[in-house]
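First comes the structure, then the notes that go with it.
In my numbering, the protein residues as written are 561 to 925.
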């Protein structure tokens with residue numbers, strides 16, 4: 561690796577199931593490491609800068625008060641710290657230096673090798689895929705060490721969303737570390753069991769209709785968005801929906817334009833990039849919010865485009881600049897406003913003709 565010749569690459573293949581859990585597989589990889597810091601990273605991650613990774617490793621070696629560092633974490637008040645790209649959107653607030661968090665996401669986290677050998681990752685089956693970095697951070701904090709997030713530019717090109725046994729993983733952590741509950745994570749809050757039992761019937765009704773609370777909140781935002789931009793407006797997480805839309809539209813390529821982070825337009829994460837998802841080529845570009853309308857308008861009319869990380873006013877200005885072109889407005893509370901532009905819109909409209917996708921008091925697409 562020319563950019564970082566001192567960095568080792570140790571792939572661990574568990575497709576045959578020789579390791580009982582992710583923790584067991586990663587501990588095996590750590591046992592092979594020769595360098596002073598070991599980085600655990602998902603197989604579906606594109607690292608924009610190995611040099612940035614080495615810089616964070618240097619921070620860990622200089623500051624032994626920090627036991628665990630990672631690319632994105634959650635603060636006690638629920639904020640995401642650390643700027644990454646998750647599929648087609650930017651996530652998290654930029655973090656300069658090592659900023660304390662409640663937990664780190666498993667997408668990428670790192671620790672001093674000698675520490676991992678002395679205190680290996682948990683290998684419990686209940687933590688086989690989820691929350692092993694969360695558990696490790698909670699355990700290290702109980703030993704007096706800090707857990708911190710910092711900017712490590714990466715794109716998480718995940719093709720699936722696997723929530724299998726997430727509840728069991730959180731329950732395992734809550735039982736093992738009751739004094740540290742609650743803990744905020746990227747997959748929700750880990751908290752101890754309430755001594756008050758929910759009446760089964762009422763509890764079942766609440767679970768069945770819980771989605772409606774978010775639907776109403778998002779509907780308010782969708783009406784605000786519609787006032788800014790006169791176009792069909794839906795509710796949906798474009799990160800999860802884009803692959804189905806591409807398949808329905810028979811696309812072989814799509815352009816993703818992310819609004820560059822305010823104050824950080826030159827970050828490596830904003831550099832042009834091309835990645836494959838299934839059989840579709842995703843081309844990533846970035847533009848600032850001010851120039852975004854003209855930039856999007858300059859693209860060919862037969863190109864399908866996804867625009868993300870934009871504000872409400874920018875959404876309106878882009879839609880106005882694209883008068884006559886197919887445009888679909890979208891909103892999700894975890895992503896904010898997004899736009900789908902071009903030929904893919906016709907195939908996307910039927911996808912969003914559901915109650916959950918249609919904002920309250922707004923006609924379906």
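Glycine residues also receive a C-beta, built at the ideal position from the N, C-alpha and C atoms.
- Annotated three-state conformation of residue 817 is strand, per DSSP.
- The three-state reading of DSSP puts residue 600 in strand, counting E and B together.
- Residue environment for residue 704: exposed (fewer than 16 other C-beta atoms within 10 angstroms of its C-beta).
- By the criterion of a C-beta distance shorter than 7 angstroms, residue 875 is surrounded in its chain by 785, 788, 789, 889, 897, 899, once the five residues flanking it on both sides are discounted.
- Counting of Cβ neighbours within 10 angstroms places residue 624 among the exposed residues, the total staying below 16.
- For the alpha helix (DSSP H) assignment, the uninterrupted runs of no fewer than 4 residues enclosed by the stretch 628-703 are, from N- to C-terminal side, 673-678, 692-702.
- Distance check between residue 606 and each of 615, 652, 627, 668 places 668 closest, using alpha-carbon atoms only.
- At a Cβ-Cβ threshold of 7 angstroms, residue 648 and residue 816 count as neighbours.
- If you draw a straight line from the Cα of residue 859 to the Cα of residue 774, it is about 34 angstroms long.
- The closest CA to that of residue 671, considering only 654, 645, 631, is found on 631.
- When only Cα atoms are considered, residue 885 and residue 853 end up about 13 angstroms apart.
- In terms of Cβ geometry, residue 894 and residue 650 do not form a close pair [threshold 7 angstroms].
- A straight-line Cα-Cα distance of about 12 angstroms links residue 591 and residue 599.
- Secondary structure note for residue 872: its alpha helix (DSSP H) is the uninterrupted segment 872-881.
- Taking C-beta separations shorter than 6 angstroms and ignoring five residues to either side along the sequence, the partners of residue 690 in its chain run 726, 729, following chain order.
- A distance of 7 angstroms or more separates the beta carbons of residue 801 and residue 718.
- Our two residues, residue 622 and residue 709, have alpha carbons roughly 16 angstroms apart in a direct line.
- In the three-state reduction of the DSSP assignment, residue 865 falls in the strand class, which pools E and B.
- Under the 10 Å beta carbon count, residue 629 is surrounded by 16 or more other beta carbons and is classified as buried.
- Judged by DSSP in its simplified three-state form, residue 892 adopts strand.
- The three-state reading of DSSP puts residue 744 in strand, counting E and B together.
- A direct Cα-Cα distance of roughly 35 angstroms separates residue 878 from residue 602.
- Within 10 angstroms of the beta-carbon of residue 745 lie 16 or more other beta-carbons, which makes it buried.
- Taking C-beta atoms as the reference points, residue 564 and residue 615 fail to come closer than 7 angstroms.
- Boundaries for residue 842: no alpha helix (DSSP H) harbours it, while the beta strand (DSSP E) harbouring it runs 840-847, taken from the DSSP string.
- With contacts defined by Cβ atoms closer than 7 angstroms, residue 750 and residue 736 do not form a contacting pair.
- Residue 617 is a Cβ neighbour of residue 597, given a cutoff of 7 angstroms.
- Distance from the CA of residue 568 to the CA of residue 589, rounded to the nearest whole angstrom, comes to 11 angstroms.
- Per DSSP, the beta-bridge partners of residue 837 are 840.
- Residue pairing by DSSP places residue 715 opposite 606, 645 in a beta bridge.
- Following the DSSP letters along the chain, one finds residue 793 inside the beta strand (DSSP E) bounded by residues 792-795.
- With distances taken between CA atoms, residue 706 lies nearest to 619 out of 807, 904, 810, 619.
- Within its own chain, the residues whose Cβ lies closer than 6 angstroms to the Cβ of residue 579, once the five positions on either side in sequence are excluded, are 585, listed in chain order.
- About 16 angstroms separates the beta carbon of residue 870 from that of residue 902, a gap too long to meet the 8 angstroms contact definition.
- In this structure, the CA atom of residue 861 is about 26 angstroms from the CA atom of residue 829.
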